[in-house]
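Protein chains in written order, with the UniProt record's numbering: chain A, 1 to 289; chain B, 1 to 289; chain C, 1 to 289; chain D, 1 to 289. Cβ atoms here follow ideal geometry from the backbone N, Cα and C, with glycine treated the same way. Working notes, beginning with the structure itself.
Number of protein chains: 4
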Amino acid sequence: MSTEPDTTARLLITCPDQPGIVAAVTTFLYHHGVNITELDQHSTDPEGGRFFLRLEFQTPHLDVPRAALERAFREAVASHFEMNWRISYAADKPRMALLVSRHDHALMELLWRWQRGELRVDIPVVISNHPDLREAVERFGVRYEHVAIDAATHAESEARMLALLDGQCDFIVLARYMRILSAEFVARYPQRIINIHHSFLPAFVGADPYQQAYDRGVKLIGATAHYVTRDLDQGPIIDQDTARVSHRHEVPDLRRLGRDLERQVLARAVRWHVEDRVIVNGNKTIVFA
Amino acid sequence: MSTEPDTTARLLITCPDQPGIVAAVTTFLYHHGVNITELDQHSTDPEGGRFFLRLEFQTPHLDVPRAALERAFREAVASHFEMNWRISYAADKPRMALLVSRHDHALMELLWRWQRGELRVDIPVVISNHPDLREAVERFGVRYEHVAIDAATHAESEARMLALLDGQCDFIVLARYMRILSAEFVARYPQRIINIHHSFLPAFVGADPYQQAYDRGVKLIGATAHYVTRDLDQGPIIDQDTARVSHRHEVPDLRRLGRDLERQVLARAVRWHVEDRVIVNGNKTIVFA
Amino acid sequence: MSTEPDTTARLLITCPDQPGIVAAVTTFLYHHGVNITELDQHSTDPEGGRFFLRLEFQTPHLDVPRAALERAFREAVASHFEMNWRISYAADKPRMALLVSRHDHALMELLWRWQRGELRVDIPVVISNHPDLREAVERFGVRYEHVAIDAATHAESEARMLALLDGQCDFIVLARYMRILSAEFVARYPQRIINIHHSFLPAFVGADPYQQAYDRGVKLIGATAHYVTRDLDQGPIIDQDTARVSHRHEVPDLRRLGRDLERQVLARAVRWHVEDRVIVNGNKTIVFA
Amino acid sequence: MSTEPDTTARLLITCPDQPGIVAAVTTFLYHHGVNITELDQHSTDPEGGRFFLRLEFQTPHLDVPRAALERAFREAVASHFEMNWRISYAADKPRMALLVSRHDHALMELLWRWQRGELRVDIPVVISNHPDLREAVERFGVRYEHVAIDAATHAESEARMLALLDGQCDFIVLARYMRILSAEFVARYPQRIINIHHSFLPAFVGADPYQQAYDRGVKLIGATAHYVTRDLDQGPIIDQDTARVSHRHEVPDLRRLGRDLERQVLARAVRWHVEDRVIVNGNKTIVFA
């Protein structure tokens, strides 16, 4: 798992399942001087299902330029198998924008991991509907933009946010951003907005899940990282985790324990997204972790 | 936690919170030659809330008969604090009846632990709406009764079951019993019927939760042990747990992994119930585990 | 993961890493009408390391007999890459012998899973150095042999055991067998004897690990399934797990909680072994779970 | 668990076990207008063992000054039962000094929780044997002192550190401080130095435990928070946790995953210490969490 990032590339493929896919792909790569270091595959059904493939490979001995490799792959392999596919190169860091409201824990966790070099991304901007976290963010050398938002100005505020984001980021993380994005906004970033919800979805959708969890008397609390779709809290789940609680924990305790869960689950989901380990299949995910 | 069972007794108390409760109770017990070996307390709110107390104590030096101790406690302590209370003696094993349909894993787990001496109960009867598990149950020397049940005969079948149960058992465990008990049946055993639901409640109430979990694409499956109330899957939760799954797990895999969760969660909940560690407070539980 | 067992085959390969292995193997299989349903690979080092490959494939359209397929694979692929390899067929159930002393929990867990169809093995014999568990084993329709063993008769007793085992079993599980096998015995079943040790190895090797854990005051107990080598408790680890404990747990409590861990860890390890998911690499394992 | 800190006090007691202790203590407190909100007790053996008691209580209606309360408790209760005891008041924040080398994750975790108000301590100083983390620490408004240390200057450097610490702190946290403290240093802060060791002790004592874990091929890595005694990695364990790893994880991966464990385990242990939830009993701890 600890590969030299600068020569690492990844090929993600989705296509109808049929025999011979892996043979065709790996033979193609072999003939172009590529050494495969990770290979994961999944089929929803060998007879008529969808096939998913992720390859991580090293390109120091690649015999052609990237564009030529990709053109050759399209012609020699991809078109025959009707593949949706893409190659990404670890040297090209994806650009991650962050949206946040007032809770800083999920945001700080990501910034801290990024600063340590654990998250190989660029961070063009942090946008918040509150001014509170400016100083904390700017300390990391990251741009902070305050875009106030309320019911009356929602469309206008989203337009300002999109002006800051479009062309500047490859994906967006909602690090406890407490406003609901419009369907139009979401549609601009399909499968490219990650949210952390502070419950074990589908339990406790909607507002104040820790209060809901307390009221129901659950013995575990949870957190869920998922891609945002137009249906609130219904998008494809990337990762989840739970922690044990008891009758001794009141709502503030659940929030405190939940923060730790949220930080870990979101960090893991973002890492997997950045490393191209997540493929969306309908309303579910394939995670080649 | 490993006490001599034959001289162990437990006192469970629920009352309005106010200062002095623990002092009054422990002073009373001290004066009657009792040695307290476990003490757990909980208050929902020190100002006007409910107070819960569980004491485990050893009675070898008890200076009065049980009835006298209980009468003295009522007069000297309980009436003053408006306590709901009861004392149970570990030497008096509770009688646990089991209801099961066709899945044997939860049933076998309990029978196996009982045979090993891990569960200090008597088992007067296992009732099933199917004949399948007779031999497996009778091997343990336990009585098996087949009571067929369908929509037309539901009331009559429940009457037969109650005839087998009433006066014969102190509590009932639904070890994957797949029929819904009527409100009348449930009302006969308030807070004394334990069910194992094969999901992390409140996610996936109702039928076939593993299929529901698969369809939603969750990354954890769960199991929940709860007391049965008239509202299906809504009763007070005693214990829950989760296990990690992935896109590779299809519904039969979820069922297989879920069986292990169900066995453990149910066994833990039953153990806690038997040791008088669970107090119901509205729709939630206090578990002094 | 839930494949039709009767047409499932698995190919396990270990060889020096070099480019082109996956391409060669998958192309070969494709040309013989095989549909690959799982593929896992691992390299200790793409430059000069060892390469490990596990394929699960479906053989309903296999175009040649098994022997012909294997001969062709050897000639066309395996010899070129200097592979250690084997193909196993899920229809050929491996034969699992069990050794046990007095504690029945690990044994019962395996027998129970086997009876349910979760463990696709045949069980030719259970051998014990005590007579205690005969009835419990024979109820499952499994042969039970009591081979007493003590210091004076050790060699002779092992000879009796080997007479019962050799040619009758493919691998052996020590389901809490408390005697140490001789180096000669172990050498007969290299990487084919699985033991469950009741601690998180390498902590607490040797006798009475729960007492050791209690004395050290650990906050987690563990269990470890490993292949047996001539060095006690030093063999390649297949699986481990831990459970939280506290100062309230005395040694009998640790034993009770530990039993649940041991059952689960051993069952998982045996399952992985049976499904050819474990490859030994020196003193470590690759587990394609 | 979420009490008003400014009126919260805690009483910790260790004494020989005998009947009547809880009655005496709670009756005393009741008569002084104190409302007990948490009570935990533990006995190593009701017959001749040690008894441990922790009470958390609210003092808004306390009828005497602190000193008078404590004097009265000593005379009326503590001397009779030969108690070691102390009362602490949540309003008096303990002073926590931090020692660190180059790895910042454990340090940052504690500073971040402290800044959020999760850790109710004052932090007089962070001391490091490297200059690297000065800026990161000073951003939190915390004093940073660089005290270089090597074999030749060890005694002198420790003297400088003690000059910074003595009288300025109540306890010390080694947040990945990679130098071994002398026995003399340790003796100055008995049961008041907390270390985070990056393994599941007692496995992998000493240097580079992640490399040791990798070499042994374990399937879980761990972290252990413990009090420092003169014997390296042998002190009373406060908390531990583990995380699952596989053959895919090389040493840098173990370090990365281990950082998350270390942060959580250390933060939990420090929190428990600060809330007076940990009592040392020989080489083990009682944790009333």
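{"query": "Short CB-CB distance (under 8 Å) between V251(D) and chain C", "result": "no"}
{"query": "Extent of the continuous alpha helix (DSSP H) run through G222(B)", "result": "Premise fails: G222(B) lies in the beta strand (DSSP E), L220 to Y227, not in any alpha helix (DSSP H)."}
{"query": "Residue closest to H146(A), alpha-carbon to alpha-carbon, out of F140(A), R160(A) and N129(A)", "result": "N129(A)"}
{"query": "Residues of the region 115–126 of chain A whose Cβ lies closer than 8 Å to any Cβ of chain D, in chain order", "result": "R116 and E118"}
{"query": "Residue from L133(A), F200(A) and A24(A) whose Cα sits closest to the Cα of R102(A)", "result": "L133(A)"}
{"query": "Residues that residue 315(A) contacts on chain B, provided the C-beta gap is smaller than 7 Å", "result": "In the structure as shown, chain A begins at 1 and stops at 289. Residue 315(A) is therefore absent and cannot be evaluated."}
{"query": "Opening and closing residue of the alpha helix (DSSP H) in which residue 294(C) lies", "result": "Any answer about residue 294(C) is impossible in this case: the structure gives chain C only from 1 up to 289."}
{"query": "Option nearest R230(D) by Cα separation, candidates L201(D), F51(D) and A187(D)", "result": "A187(D)"}
{"query": "Buried/exposed call for D6(D), threshold 16 Cβ in 10 Å", "result": "exposed"}
{"query": "Nearest neighbour of Y227(B), chosen from H197(B), T153(B), R160(B) and E75(B) [CA to CA]", "result": "H197(B)"}
{"query": "Delimiting residues of the beta strand (DSSP E) encompassing F171(A)", "result": "F171 to L174"}
{"query": "Within 8 Å, strictly: CB atoms of G217(A) and T8(B)", "result": "no"}
{"query": "Cβ-Cβ distance between R192(A) and I87(A) below 8 Å", "result": "no"}
{"query": "Secondary structure of Y214(A), DSSP reduced to three states", "result": "helix"}
{"query": "Per-residue DSSP class, three states only, for V142(D)", "result": "coil"}
{"query": "Straight-line gap, Y30(D) to A76(D) (C-alpha atoms, nearest Å)", "result": "13 Å"}
{"query": "A269(C) versus L257(C), I221(C), L174(C) and N35(C), residue with shortest Cα-Cα distance", "result": "L174(C)"}
{"query": "Reference P252(D); option with closest CA among A213(D), N283(D) and W272(D)", "result": "A213(D)"}
{"query": "Close beta carbons around F185(B), own chain, < 8 Å, minus the five adjacent residues each side", "result": "E158, M161 and L162"}
{"query": "Inter-residue spacing [alpha-carbon to alpha-carbon] between S182(B) and M108(B)", "result": "26 Å"}
{"query": "Beta carbon proximity, Q240(B) to chain A, threshold 8 Å", "result": "yes"}
{"query": "Residues that DSSP places opposite H198(C) in a beta bridge", "result": "Beta-bridge pairing links H198(C) to no other residue."}
{"query": "I172(D) at chain C interface by Cβ criterion, 8 Å", "result": "no"}
{"query": "8 Å Cβ cutoff, R139(C) in contact with chain B", "result": "yes"}
{"query": "Of the listed residues P236(C), P190(C) and R176(C), nearest to A207(C) (C-alpha basis)", "result": "R176(C)"}
{"query": "Coil, strand or helix - I21(A) by DSSP", "result": "helix"}
{"query": "CB-CB length for L98(D) against V126(D), believed under 8 Å", "result": "4 Å"}
{"query": "First and last residue of the uninterrupted beta strand (DSSP E) at V270(B)", "result": "Where V270(B) is concerned, there is no enclosing beta strand (DSSP E), although the alpha helix (DSSP H) it sits in stretches over V251 to V274."}
{"query": "Cβ-based contacts, 9 Å cut-off: residues of the region 26–58 of chain A near chain D", "result": "E38"}
{"query": "Inside the region 50–120 of chain A only - beta strand (DSSP E) runs reaching at least 3 residues", "result": "50–58, 84–89 and 96–100"}
{"query": "R134(C) - DSSP class collapsed to helix/strand/coil", "result": "helix"}
{"query": "Boundaries (first-last residue) of the beta strand (DSSP E) holding residue 371(C)", "result": "Given that chain C is displayed from residue 1 to residue 289, the structure contains no residue 371(C) and the question cannot be resolved."}
{"query": "Exposure of I180(D), with buried meaning 16 or more beta-carbon neighbours within 10 Å", "result": "exposed"}
{"query": "Beta bridge counterpart(s) of S43(C) as assigned by DSSP", "result": "F51(C)"}
{"query": "CB of T14(B) within 8 Å of CB of R50(B), strictly", "result": "yes"}
{"query": "Contact the region 259–268 of chain C vs the region 240–250 of chain C: 3+ CB pairs below 8 Å", "result": "yes"}
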